[in-house]
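**Q** One structure follows; several queries about it will come next.
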Amino acid sequence: MMIYREGMTNTMISGNLSKFEYPKSTTAAITTFSVLGDNFIARDIKFVNTAGPEKYQVIAFHSKSNHTVLFRCMFYGYTDTLYAHIREQFYRKCDIVGMVDLSSERMV
1 MMIYREGMTN
11 TMISGNLSKF
21 EYPKSTTAAI
31 TTFSVLGDNF
41 IARDIKFVNT
51 AGPEKYQVIA
61 FHSKSNHTVL
71 FRCMFYGYTD
81 TLYAHIREQF
91 YRKCDIVGMV
101 DLSSERMV
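Take the sequence shown: its position 102, counting from 1, is numbered 102 in UniProt numbering, and each next residue is one higher.
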C-alpha cells in the first residue's frame, strides 16, 4: 500500500489519543497512525499527535510492518513520537520532532 500527498508541510494526518485518556490500552492502540501490513510506503505526509505533555505517552506514527518505506515525511509529537516496533524499515529525508524520550526501547 502507498499513500502520498502534497508535501510534509502541506498534508497532515493528526490525532490526540494518549495514555491519559486510555490508561489500559496498549501503546500501539493509541497512536495517530498505525501500520500493520507489510510493504507500506508513505511519501510527503506529516503525522502529528497533538495531545501534548500533560497527556503522557502520545505516538504520532507506529509501524509493525516489514519493509516499510517513508520518504519526505514528518513525525511530530511529545513523547515517543515515532514507534518503529519491529522488522525492517527505511526512513529517507524525514523530520522527527519530539520533546521527550526520543530514544528508548524500540522507540524513537
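For glycine and all other residues, C-beta sits at the position ideal for the given N, C-alpha and C.
Using only the alpha-carbon positions, how far apart do Tyr-76 and Asp-44 sit?
**A** Within the sequence shown, numbered from 1, the residue matching residue 76 stands at position 76. Within the sequence shown, numbered from 1, the residue matching residue 44 stands at position 44. Whole-angstrom Cα-Cα distance: 14 angstroms.
**Q** Should Met-2 and Lys-46 be called a contact, given that it needs their Cβ atoms to be closer than 8 angstroms?
**A** On the sequence shown, residue 2 is found 2 positions in, with the first residue counted as 1. On the sequence shown, residue 46 is found 46 positions in, with the first residue counted as 1. Cβ atoms of Met-2 and Lys-46: not closer than 8 angstroms.
**Q** Go ahead and label Tyr-78 buried or exposed: buried means 16 or more other beta carbons lie within 10 angstroms of its beta carbon, across all protein chains shown.
**A** In the sequence shown, the residue the question calls residue 78 occupies position 78. It is buried - the Cβ of Tyr-78 has at least 16 other Cβ atoms within 10 Å.
**Q** Could you check what DSSP says for Met-107 in three-state terms: helix, strand or coil?
**A** As a working note, residue 107 is residue 107 in the sequence shown. Low local confidence applies: a pLDDT of 44 at Met-107 is under 50, so the model's placement there is unreliable, and no value is given.
**Q** Taking its Cβ as the centre, do 16 or more other Cβ atoms sit within 10 Å of Met-8, making it buried, or is it exposed?
**A** Looking up residue 8 in the sequence shown gives position 8. The residue is buried, with at least 16 neighbouring Cβ atoms inside 10 Å.
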